[in-house]
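The sequence shown begins at 110 in the working numbering and counts up one residue at a time. The next block holds one structure in the form of structure tokens; read it before the comments.
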Amino acid sequence: MSNGGKIDGAIVELLGGIARQFRGELRQASEGVDGKVTPFQHEIIAYIGRTPGTGVMGLADLAGRDKAQVTRMIAELEALNLINRERSEADRRATRLSLTESGESLFHQMMEKRSSLASAMLNALDPNEREALHGMLVKMRSGLAEAK
110 MSNGGKIDGA IVELLGGIAR QFRGELRQAS EGVDGKVTPF QHEIIAYIGR
160 TPGTGVMGLA DLAGRDKAQV TRMIAELEAL NLINRERSEA DRRATRLSLT
210 ESGESLFHQM MEKRSSLASA MLNALDPNER EALHGMLVKM RSGLAEAK
């Protein structure tokens, strides 16, 4: 393996490890919820928290999942009393999603934890390093999207 290949592998491992650790820490924000909230359910709660009133199709697009997967997760989160489903007045076939009081509480816990983790992680970098990292990550995401 060339030196470039070794560093590429090391970068991918670091990014994966950081992402896993970050998600694991966020999961701890749901410890007070009956049953376990999965990482995908955390994503759904975060999407609904940021875009209340979104529909199943919009949520599937945001999450990059198919409608059936999202519909199952919605049913599970509704059973945990974390989200509400309401029929749209404009289109009775469409469903609008919102967080319950418990869902809002969990969403805010998750966002506080996310902010705290981000600060702890990024405080090791000075402002110029943060800007450079941001630019590099944007390029990496674009490169990954183009590889499809």
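Ideal Cβ positions, reconstructed from N, Cα and C, are used throughout, including at glycine. What you are looking at is a predicted structure, and each value in this text was computed from that prediction instead of being measured.
Any 3 or more C-beta pairs closer than 8 Å across the segment 218-230 and the segment 176-192: no
Separation of M249 from L124, as counted between CA atoms: 11 Å
Buried or exposed by the 16-neighbour rule on C-beta atoms within 10 Å, applied to V247: exposed
Simplified DSSP assignment, three categories, for T163: coil
One or two residues paired with E195 in a DSSP bridge: R205
Segment limits, alpha helix (DSSP H) that includes T180: K176 to A188
Boundaries of the alpha helix (DSSP H) in which G252 is found, first to last residue: P236 to E255
Delimiting residues of the alpha helix (DSSP H) encompassing G212: E210 to L231
Buried or exposed (CB count within 10 angstroms, at least 16 for buried), H217: exposed
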